[in-house]
Structure formats: structure tokens, C-alpha cells
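Protein chains in written order, with the numbering used here: chain A, 6 to 275; chain B, 8 to 374.
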């Protein structure tokens, strides 16, 4: 018997537990039956065709894409500022401030959602809309953005900026010509991750969404109708594909950034 | 040591202080550096030498005092507007740019045409021995090559002063020695004032026209390398630069001459320049360099002064042997370096021997 077969088997079972349920999505999405049950009855793309013609779904998708795009840009911009500040010499309360910024990463989403709902409705008395969802998503995305960008910024030689200024550039010129190109892959990576987080989020959107639901909220609404289940499967298949693709692209950019700076890779998402 | 600087100082610091909170990094630096000089700031880590260099570069503002470069007050002048360029300890070669783009980085605001700039870049690379390397990716260079790129990138702007922050500390010994010689040649060719920060006393002695030794934010001594080595003005400088034997002694004035009675060796009259920090009658300390002492080998004779001793330790270096010799009446053994000449044996520990000394090599260190 080969050495280490036990660990190998464990790894296989582990991966199966993780991914087998997801594999069920495309299985039933292409199944020609309205009931989610074995045996499968035949190949069909009719659920996808039905998705194509459902106007409410298109509205939800459009909402989600707008929210995810704006969130990604906002969270990444703020993340760049925070990560940049983190590389500067120590300032009073630096570690405390960075610690608090990372806190939403470990708080239960529902706690954040309820707290934000109270702030929006009771404190500011605002109507729920895409804007409130964007604000909330930005809050939960910032820690991820900072985690990614911190890596990119901390990999930089602190002398780069001074060297550029020594060679005649202004502080902004040094940032634009040297720092930005070197952290650019990190920025792309952060944009993509934030985009996915916002796109996938259900809990916060459920609380803070206005009259127009986001995609996950819309899907949740569908689950009340038994005959809509294959539709959800088809939609899920599409979302999983998009998520994995974006994650792979994000990781590609992160690794390229590490290689460009001529450094050894440490950590990352994939 | 063949520079011929013009009379007016290029760089002038007057009573420069730098505070970081409670930490007093520079404590009243007065310094004048002449045009065309190779000047070294030498000291242990934390002595303020890098802070001083960064103050000249414009990365640190002095808490008080003044700095002028070429007659112009540098207060409020940012690094990008100073006639200085710097070679960083890490070299700070931009990894996303090619070698040529790195070297040409400072020419972005230069009004010359593209072709002229490209020629300047090529010339600059040629000057540091990297002709034809322009298209290479910067992150694929070796340590020595990165340093050359950093030099070319700084010198292409024809600065009045080139600042070098421990530029050789990241290189291995062989490469360091090669680059020391190349830097000296380069400095003579371009005629630009170089200011080098280093903690390596040997490097400072080899390369500099003048050296300032710094301790705790002060300049302890400023002199040319030979004076610095032969006539240190304090025990601390003496021990920081090379190896120095320190012996207790008594000083006295006899018929207008300074006479020192050195423990274990004996009495000798010295010249005034052998006491760079002055001399007071009474107890003092005397320094002797290991190479100015010698061991009298069997069969050799001398008319110099002798002292009997016992070999305590032998360290063989190939070309040299270092002996620690214990002399009755002296607590610390004397370190003596001897060239391993033909027919000269390497003595064993415990050998009884005679130490040859000369009062002309004594230096009185009253501080």
C-alpha cells in the first residue's frame, strides 16, 4: 500500500463534500423536468431559455451588476487609501485604526445588516434603494480590499517613492509612475473580489434593498414557487461559472503583480 | 587623495539638529564639503549618518540649523528640486521598467528630443560598464548590475552632489572590492562631489578624500584618511577605525617636550602632533597600531626599544599573522601584526619573545 493514502483519501472526500452539491446545479439545470429528483429525464436547455425571457430577472441582474460595479470601485478606492496609509511611518492609533477597519470581516453579516438598517431608517430616515445597498456592500468589501492591497503595498520597497522624487518627480508623479503600476494587479484583484462579494451577497441586500431586488434576493423570492426550482438551478449554474471565472482572473492578476515586483509568492486566495 | 577642490564649499551645514519626538538624531552638525570631494560619513548604526545624508537629499527637514548647497539655502526646497541625486541602499530600481527606462526616469521633464535622451541613456549606461543592457528587464539584474543602474540613473541628471547610502553593503566581498575601485574611478572621471554613508571603516579609508566619524548624532572627528588613522582624536575614534592597542600612561612636560611613560613599555618623548586632542600632565591613555609594533625573531637585531613578553594568542591570516603578546605590568595583551616574510616562523602560544616599539608611533588619547 502506498504511503499517505489515508491523507489522500481524506483530501478527496473533503473536496467532494465541498463541490459535489455545486455539481448538482448544472445537473438539474440541464434536466428536462420541473421536479428536482433522480432519475434524470433528459437533456434540455429550456430553463435557460426561460431565464432569457423573464423580465423581472433581467431587472434584478441589472440591479446587481450596477451595485456590484459601484461597490467594487468605492471599496477599492478606499482600500487603496487605507493600504497606502498602512505603509507610511507609524502614526498615532495606526494599528487600532487598521484593526477596526478589518472588523466587518469577522462580524456576522446579519448583525451588520440590522445595524445598517437602523442607521438608514431610524437615524437618517432614508428610503431603501440601490444606494443603501451600495453603501452597505462597500462597508463589508473594504476589509477584503485592504487585505489584498496591503499585500501589494507592503511588497514595495519603501525607497521606490523617494527614489522617484529624488529623480525629479512630485509626490503624485511618484505615485502615478511607480507605485500605481506596481500595485495595479492588486487593484484589479481587489475590484474583482469586491465585485463578486457584492454580487453574491444575500443577507445585507435582503435587509437594505428597496423596491428593486438584487439577484440573490430575487432568487430567494423564487424559492417560494416549487416549479421555479429548475430556473434557480440554471441561474445558479451561470452565477457559479461567473464567480469562479472572476476569482481565477483576480488570482492571475495578484500573482502577476507579485512576479512583476520580483518577489516570492506568499498567500493569496487561490 | 589627488583632488583639487575650489575654495568655496559646495555644501555647508550650520548647527543642524534633528529631533524625532524625544530622540535627538543630529546634535549640532557643522560641516563643509568642497566641490569635487569624495566625502564619507562613517559611524556605527544609529549614529545619525543616514539621517544626515537624507537631510542633504531633502527627505528630512532639519529641526534647526541651516543647509546650503552651492550657495543656495535649501530650507523648504523639496528633494525633487535639489541639485542632489541619491543611490539608495536597496538601489530602488523600479522593477516594472526596463534598464533604459530606469536610467531615463529622471529625464521625463527634460526638453530634449527622444533620440537625444536615448543617447544620454546609452552614454550613462556605457559609463557604468552596462553598455547594451538597456533593453533588459530591471528585475532580472544581479546585485552589482542593479547598483550600476542606480548609479547611471542618478548621474544622468548631472547632479552637483551624488549621495550614496551604504551602496556596497548588499554586495559580496569580491564584488564590493571591485565596486570600490570603480566608484573611485567614476568619481574622478565625472568630477561630481560624492557623499558616501558607510559603517565600514576600511571602505571609508580606501575611498574618501575626507571622512567624518559620527557617534550619537555628533561628528567626533573630521579628517583625511591618513590623519584619521594615524592621529585619531579620541579613544572611541581610534577603536572604531582599525585595531588600536590602548595602554595606560603618564604624561609629563620636560624641557618643552612631551614625555610619556607607557605601562609595560617605557618612557619616550613625542611630538605635539602625536597628541591631537592635547595633553595634560598626569595619567592618560596611549594608542599604538598593531602594525607599528613588531616581534624580534631569532637572529634579528634592532636598535629600537624592546619589551619582553609572552605569546598569548596566534591568528594566522596567510599574508599576516596577528599575535597577542602579554607584557608584564600591562593588563591587556598587545596585538601585533607581522608580515609572514620568508624565513620568518609562526610562533607558538607560550613563546617568550621581544616586542619592538617606537615612540614615534604613539598617539596620546586624552579623551
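Every residue gets a Cβ at the ideal spot worked out from N, C-alpha and C, and that includes glycine. Remember, it's a predicted structure, so these values are computed and weren't measured experimentally.
Interface residues of chain B facing residue i [CB-CB closer than 7 Å]
i: residue 183 of chain A; result: 101
Integer Cβ distance of residue i from residue j, believed to fall under 8 Å
i: residue 171 of chain B; j: residue 203 of chain B; result: 5 Å
i: residue 301 of chain B; j: residue 345 of chain B; result: 6 Å
i: residue 293 of chain B; j: residue 316 of chain B; result: With a Cβ gap of about 17 Å, residue 293 of chain B and residue 316 of chain B do not count as contacting.
i: residue 296 of chain B; j: residue 251 of chain B; result: 6 Å
i: residue 215 of chain A; j: residue 87 of chain B; result: Not quite, the Cβ-Cβ distance comes to about 50 Å (not below 8 Å), so this is no contact.
i: residue 144 of chain B; j: residue 105 of chain B; result: 6 Å
i: residue 223 of chain A; j: residue 34 of chain A; result: Actually they are not in contact, since the Cβ atoms of residue 223 of chain A and residue 34 of chain A sit about 17 Å apart, beyond 8 Å.
i: residue 72 of chain B; j: residue 20 of chain B; result: 7 Å
Alpha-carbon spacing of residue i relative to residue j, whole angstroms
i: residue 136 of chain B; j: residue 154 of chain B; result: 11 Å
i: residue 179 of chain A; j: residue 151 of chain B; result: 25 Å
i: residue 176 of chain B; j: residue 186 of chain B; result: 11 Å
i: residue 275 of chain A; j: residue 220 of chain B; result: Confidence at residue 275 of chain A is low in this model, with a pLDDT of 45, below 50, so its placement is unreliable and the value that follows should be read with caution. Approximately 52 Å between the Cα atoms of the pair.
i: residue 12 of chain B; j: residue 226 of chain B; result: Bear in mind that the predicted position of residue 12 of chain B carries a pLDDT of just 48, short of 50, making it too unreliable to give a figure here.
i: residue 212 of chain A; j: residue 157 of chain B; result: 56 Å
i: residue 304 of chain B; j: residue 351 of chain B; result: 7 Å
i: residue 32 of chain A; j: residue 255 of chain A; result: 27 Å
i: residue 80 of chain A; j: residue 243 of chain A; result: 25 Å
i: residue 164 of chain A; j: residue 92 of chain A; result: 12 Å
i: residue 133 of chain A; j: residue 177 of chain A; result: 38 Å
i: residue 173 of chain B; j: residue 60 of chain B; result: 11 Å
i: residue 322 of chain B; j: residue 51 of chain B; result: 26 Å
i: residue 33 of chain B; j: residue 57 of chain B; result: 10 Å
i: residue 158 of chain A; j: residue 189 of chain A; result: 10 Å
i: residue 99 of chain A; j: residue 66 of chain A; result: 39 Å
i: residue 178 of chain B; j: residue 248 of chain B; result: 21 Å
i: residue 88 of chain A; j: residue 55 of chain B; result: 30 Å
i: residue 170 of chain A; j: residue 222 of chain B; result: 29 Å
i: residue 65 of chain B; j: residue 84 of chain B; result: 7 Å
i: residue 356 of chain B; j: residue 267 of chain B; result: 30 Å
i: residue 200 of chain B; j: residue 74 of chain B; result: 16 Å
i: residue 129 of chain A; j: residue 109 of chain B; result: 52 Å
i: residue 188 of chain B; j: residue 197 of chain A; result: 52 Å
Cross-chain neighbours of residue i in chain A, by beta carbon under 7 Å
i: residue 97 of chain B; result: 162, 164
Own chain, CB closer than 7 Å to residue i, minus 5 neighbours either side, in chain order
i: residue 260 of chain B; result: 288
i: residue 39 of chain A; result: 232, 235
i: residue 29 of chain A; result: none
i: residue 261 of chain A; result: 190
i: residue 186 of chain A; result: none
i: residue 195 of chain A; result: 81, 84, 150, 153, 154
i: residue 70 of chain B; result: 24, 25, 26
Closer than 8 Å at the beta carbon, the chain A residues around residue i
i: residue 164 of chain B; result: 172, 173
i: residue 79 of chain B; result: Per Cβ cutoff of 8 Å: no residues; residue 79 of chain B is ~17 Å from chain A at best.
i: residue 116 of chain B; result: 173
i: residue 107 of chain B; result: Ordered by position in chain A, no residue passes the 8 Å Cβ test against residue 107 of chain B, which lies about 14 Å from the chain.
i: residue 86 of chain B; result: 167, 170, 171
Close-in-space but distant-in-sequence residues of the same chain around residue i (CB under 8 Å, 5 per side omitted)
i: residue 10 of chain A; result: none
i: residue 131 of chain A; result: 125, 137
i: residue 336 of chain B; result: 270, 271
i: residue 114 of chain A; result: 145, 206, 208, 209
Within chain E, partners of residue i - CB distance below 7 Å
i: residue 93 of chain B; result: This model lacks chain E altogether; the protein chains it does include are A and B.
Own chain, CB closer than 6 Å to residue i, minus 5 neighbours either side, in chain order
i: residue 139 of chain A; result: 72, 75, 76
i: residue 167 of chain B; result: 77, 90
i: residue 204 of chain A; result: 69, 73
i: residue 16 of chain A; result: none
i: residue 129 of chain B; result: none
i: residue 102 of chain B; result: 145, 146
Chain B residues whose Cβ lies nearer than 9 Å to that of residue i
i: residue 186 of chain A; result: 101, 103, 104
Contact list for residue i against chain A, beta-carbon separation under 9 Å
i: residue 112 of chain B; result: 168, 169, 172, 173, 174, 182, 183
i: residue 201 of chain B; result: Neighbours of residue 201 of chain B on chain A: none; closest Cβ ~15 Å, over 9 Å.
i: residue 177 of chain B; result: Within chain A, no residue comes near residue 177 of chain B; the closest Cβ sits about 12 Å away, beyond 9 Å.
i: residue 66 of chain B; result: 167, 170, 171
i: residue 160 of chain B; result: 168, 172
Bridge partners - residue i, DSSP secondary structure assignment
i: residue 294 of chain B; result: B:253, B:370
i: residue 302 of chain B; result: B:362
i: residue 205 of chain B; result: B:49
i: residue 331 of chain B; result: B:320, B:342
i: residue 244 of chain B; result: Answer by DSSP bridge pairing: none, since residue 244 of chain B is not bridged.
i: residue 33 of chain B; result: B:25
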